[in-house]
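**Q** If you're matching positions, the sequence shown starts at 1 in the numbering used here and goes up one per residue. Ideal Cβ placement from N, Cα and C applies to all residues, glycine included.
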Amino acid sequence: MTTFIPTRAAALARLAEFLPNAGSHYANERNSDLGPTQRDNVSLLSPAVRHRLITEDEIVRAVLGSHSFQAAEKFIQEVCWRTYWKGWLELRPKVWRDYQSQLEDLIGKISEGSGLDRPFRKRYQAAVDGHTGIACFDAWTQELRSTGYLHNHTRMWFASIWIFTLNLPWQLGADFFHRHLLDGDPASNTLSWRWVAGLQTQGKHYLARAENIQQYTAERWSPKGQLKEDASPLPADAIPAAGKLGELPLPNARKRTALWLHEDDLCAESWPAVDGLDVVAIAGDVSPASRSWLPVSDSVIAYSEAALADGLGRAGAHYRQPAQRVLTADRQRWLAEHGIEQVVTAHASVGPAAGALGLLTRDLRARGISLVQLRRAWDTAFWPHADRGFFQLREQIRPVLAGLRIS
Ligand SMILES: Cc1cc2nc3c(=O)[nH]c(=O)nc-3n(C[C@H](O)[C@H](O)[C@H](O)COP(=O)(O)OP(=O)(O)OC[C@H]3O[C@@H](n4cnc5c(N)ncnc54)[C@H](O)[C@@H]3O)c2cc1C
């Protein structure tokens, strides 16, 4: 059974275990979903990467230590899909803001007494409860709720059935995933749902077909006659032009500095530009409940909080400083206790963690304390190539890896 342990040690162990399969085995077998007990064809690293208990950089380095680039190209490309989606949204934050406001509106509408037609509410409830009568879809709903994970191909089928067969708004489906996936990520999740719907690549959508499901699930499922296999893509709005990545200021080496961890990067030991700083304390907080206006699953909250505890423990040991979770109510006391003049944190990309950092920045500024965000070299090197389609970024993978000295 798929289990996810929210520690860096477990992520490194899983990476080591998966490495032999990251070459041709992955390239040939990755599309099959043989069920939660048979997952050796994929890495299962996504919850750990999403929280950066382990980084894309070290995954690709390890893979290239065991395989040639050609053999591991497919796996490296998939890691770079994550990077592409993150960069794409970073360059177009309006897409996230629009999604959030459409979602808030829709959540208002599915609440009782909203006046929205009853069949729509019933369809939504049946989908999230796993009572649609489409056996594979209902089983995947239960799997998502119980494990916090779905295979990539299954996520595609699920999203397609949600949008085109059940005729439900993609935004509510993306929200359902975001509330239940341990790897729930504002960029990968929102943009993948948009891609399935036909909003990312205009006129191109993803249609789940019974035959394809039967083939790639080793005939565990066969929803013949139950799926709408000839639907058109959703009508797409124009995509905003890509902005530019902003420069981030460097921290001041003369100030008493605290490191602040959040759910987008829990590996402070490898943050850039920290060596040479006067680090006097370490703290952090996560805000998984702010993924949605609706309840976020207990497993997502537990994973995120335990991952933070792991990140704080490691950072404390590495920098030999006290490390603790600090809630908003205790922040003033903590800042004063350590005489903190500057807070340094990892860059949070568009999404809930960036929202929480925005609030933290305002609070600190009011106390005369600066907050400095550090962007990892991986993101700085790759994200500018996310201004167009994935193909353009894919062409840059080798030169960018060479520039990062990853071979
Ligand atoms: C509708 C939909 C929603 C999704 N939501 C999320 C999400 O919220 N968070 C998330 O991390 N991924 C999301 N994905 C992408 C992908 O399904 C998962 O990253 C992958 O299934 C994770 O399993 P793994 O770690 O075993 O992947 P592997 O196949 O072992 O890939 C290795 C790593 O590459 C990255 N990756 C692989 N495939 C993709 C992809 N298609 N897009 C982006 N990154 C990828 C992940 O970080 C993954 O851990 C979504 C895909 C779809 C179709």
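Should Leu327 go down as buried or exposed, given a rule of 16 or more other Cβ atoms within 10 Å for buried?
**A** Locating residue 327 in the sequence shown gives position 327, counting from the first residue. With fewer than 16 other Cβ atoms within 10 Å, it is exposed.
**Q** Less than 8 Å between the beta carbons of Glu269 and Arg314, yes or no?
**A** On the sequence shown, position 269 is the one that residue 269 refers to. On the sequence shown, position 314 is the one that residue 314 refers to. Yes.
**Q** Take Ile76 and list the residues in its own chain whose beta-carbon comes closer than 6 Å to its own, dropping the five residues that flank it on each side.
**A** Position 76 of the sequence shown, counting from 1, holds the residue named residue 76. Within the same chain, Ile76 has close Cβ partners Val60.
**Q** Counting C-beta neighbours from all protein chains within 10 Å, is the total for Gln200 16 or more, i.e. buried, or is it exposed?
**A** The residue given as residue 200 occupies position 200 in the sequence shown. It counts as buried.
**Q** Closest by CA to Gln214, which one among Gly316, Leu234, Ser32 and Val372?
**A** On the sequence shown, position 214 is the one that residue 214 refers to. Of the listed residues, the one whose Cα sits closest to Gln214 is Ser32.
**Q** Which of the three DSSP states is assigned to Gly243 in this structure?
**A** Residue numbering aside, residue 243 sits at position 243 when the sequence shown is read from its first letter. Three-state result, Gly243: coil.
**Q** Within this structure, are the beta carbons of Gly355 and Ser290 separated by less than 8 Å?
**A** Taking the first residue of the sequence shown as 1, we reach residue 355 at position 355. Taking the first residue of the sequence shown as 1, we reach residue 290 at position 290. The criterion of a C-beta distance shorter than 8 Å is satisfied by Gly355 and Ser290.
**Q** Judging by CA-CA distance, which residue of Ser192, Leu371, Ala135 and Gln226 is the nearest neighbour of Phe390?
**A** As a working note, residue 390 is residue 390 in the sequence shown. Sorting Ser192, Leu371, Ala135 and Gln226 by C-alpha distance to the C-alpha of Phe390 places Ser192 at the top.
**Q** What whole-angstrom Cβ distance do Arg346 and Asp265 have, given they're in contact under 8 Å?
**A** Within the sequence shown, the letter at position 346 stands for residue 346. Within the sequence shown, the letter at position 265 stands for residue 265. The residue asked about is misnamed: residue 346 is Ala in this sequence, not Arg. Ala346 to Asp265, Cβ: 3 Å. Contact.
**Q** For Gly23, is the beta carbon positioned less than 7 Å from some heavy atom of ligand 2?
**A** Absent from the structure shown: ligand 2. Ligands present: ligand 1.
**Q** Is Val344 helix, strand or coil by DSSP?
**A** Translated into the one-based positions of the sequence shown, residue 344 becomes position 344. Strand at Val344.
**Q** Going by the CB atoms, is the gap between Ala187 and Trp88 shorter than 8 Å?
**A** As a working mapping, residue 88 is identified with position 88 in the sequence shown. As a working mapping, residue 187 is identified with position 187 in the sequence shown. Yes, they are a contact pair.
**Q** Is Ala309 close to chain C? Criterion is C-beta to C-beta, closer than 8 Å.
**A** Given the protein chain composition of this structure (a single chain), no chain C is represented.
**Q** For Leu393, count the other beta carbons within 10 Å of its own beta carbon; 16 or more makes it buried, fewer makes it exposed. Which is it?
**A** Locating residue 393 in the sequence shown gives position 393, counting from the first residue. Leu393 should be labelled buried.
**Q** So, for His410: in the same chain, excluding its five sequence neighbours on each side, which residues have a beta-carbon less than 6 Å away from its beta-carbon?
**A** Residue numbering for the chain in the displayed model covers 1 to 407; residue 410 lies beyond these limits and cannot be assessed.
**Q** Pull the bridge partners of Trp260 from the DSSP assignment, please.
**A** By one-based count along the sequence shown, residue 260 stands at place 260. BP columns for Trp260 point to Ala283 and Thr345.
**Q** Using the C-alpha atoms, what's the distance from Ser111 back to Ala126?
**A** Against the sequence shown, residue 126 aligns to sequence position 126. Against the sequence shown, residue 111 aligns to sequence position 111. One C-alpha to the other measures close to 15 Å.
**Q** With DSSP as the reference, please indicate the residues paired to Leu374 in a beta bridge.
**A** Taking the first residue of the sequence shown as 1, we reach residue 374 at position 374. In the DSSP output, where bridge partners are listed per residue, Leu374 has Ala346.
**Q** Which residue or residues does DSSP assign as beta-bridge partners of Arg325?
**A** Within the sequence shown, numbered from 1, the residue matching residue 325 stands at position 325. Looking at the DSSP output, Arg325 sits in a beta bridge with Gly284.
**Q** Starting from Gln100, follow the alpha helix (DSSP H) in both directions and report where the run begins and ends.
**A** As a first step, residue 100 must be located in the sequence shown, where it is residue number 100. Pro93 to Ile110 is the span of the alpha helix (DSSP H), which, as asked, contains Gln100.
**Q** Kindly indicate which three-state DSSP category Asp265 falls into: helix, strand or coil?
**A** If you number the sequence shown from 1, residue 265 lands on position 265. If DSSP states are grouped into helix, strand and coil, Asp265 belongs with the strands.
**Q** Relative to the alpha-carbon of Ile5, which residue among Asp379, Ser349 and Ala306 has its alpha-carbon at the smallest distance?
**A** Mapped onto the sequence shown, residue 5 falls at position 5. Looking from the CA of Ile5, the closest CA among Asp379, Ser349 and Ala306 belongs to Ala306.
**Q** On the DSSP bridge list, what partners appear for Asp138?
**A** Translated into the one-based positions of the sequence shown, residue 138 becomes position 138. Its beta-bridge partners do not exist; DSSP assigns none.
**Q** Starting from Trp157, trace the alpha helix (DSSP H) in both directions and tell me its first and last residue.
**A** Reading the sequence shown from its first residue, position 157 is the one you call residue 157. Element bounds for Trp157: Asn152 to Ser160.
**Q** By Cβ distance below 8 Å, which residues in the same chain neighbour Arg145 in space, the five residues on each side in sequence not counted?
**A** Counting from 1 along the sequence shown, the entry for residue 145 is found at position 145. Answer for Arg145: Gly130, His180 and Ser297, listed in chain order.
**Q** In the DSSP assignment, find the unbroken alpha helix (DSSP H) run with Trp85 in it and report its ends.
**A** Position 85 of the sequence shown, counted from the first residue, corresponds to residue 85. First-last of the alpha helix (DSSP H) with Trp85: Phe69 to Glu90.
**Q** Below 8 Å on the Cβ atoms is my guess for Val79 versus Glu58; work out the distance and round it to an integer in Å.
**A** By 1-based counting over the sequence shown, the position of residue 79 is 79. By 1-based counting over the sequence shown, the position of residue 58 is 58. The beta carbons of Val79 and Glu58 sit about 11 Å from each other, so the pair does not count as a contact at 8 Å.
**Q** Would you give the residue range spanned by the alpha helix (DSSP H) that Gly65 belongs to?
**A** Here residue 65 refers to the residue found at position 65 of the sequence shown. Element bounds for Gly65: Glu56 to Ser66.
**Q** When DSSP labels each residue in this structure, what does Asp379 get in the three-state scheme?
**A** In the sequence shown, residue 379 corresponds to position 379, counting from 1. Correct three-state label for Asp379: helix.
**Q** Compute every distance between the C-beta of Phe137 and the non-hydrogen atoms of ligand 1, then say whether any falls below 7 Å.
**A** Taking the first residue of the sequence shown as 1, we reach residue 137 at position 137. Not under cutoff, so the answer is no.
**Q** Would DSSP call Asp330 helix, strand or coil?
**A** To locate residue 330, count along the sequence shown from 1; it is residue 330. Three-state result, Asp330: helix.
**Q** When burial is assigned at 16 or more other CB atoms within 10 Å of the CB, is Ser299 buried or exposed?
**A** For the purposes of this step, residue 299 is taken as residue 299 along the sequence shown, with counting starting at 1. It is buried - the Cβ of Ser299 has at least 16 other Cβ atoms within 10 Å.
**Q** In terms of alpha-carbon separation, which member of Pro399, Val343, Gly351 and Ala348 lies closest to Asp372?
**A** Position 372 of the sequence shown, counted from the first residue, corresponds to residue 372. Note that residue 372 is Val in the sequence shown here, rather than Asp. Among Pro399, Val343, Gly351 and Ala348, the Cα nearest to that of Val372 belongs to Val343.
**Q** Just to confirm, are Lys255 and Glu341 a CB contact at a threshold of 8 Å?
**A** By one-based count along the sequence shown, residue 255 stands at place 255. By one-based count along the sequence shown, residue 341 stands at place 341. Against a cut-off of 8 Å, the Cβ pair of Glu341 and Lys255 comes out as a contact.
**Q** On the CB-based measure, 16 or more other CB atoms within 10 Å of its CB, does Arg237 come out buried or exposed?
**A** Residue mapping note: residue 237 aligns to position 237 of the sequence shown, counting from 1. Note on residue identity: the sequence assigns Asp, not Arg, to residue 237. Per the 10 Å Cβ criterion, exposed.
**Q** Please state whether the Cβ-Cβ distance between Met156 and Val128 is less than 8 Å.
**A** Numbered from its first residue, the sequence shown carries residue 156 at position 156. Numbered from its first residue, the sequence shown carries residue 128 at position 128. No, these two residues do not count as a Cβ contact at 8 Å.
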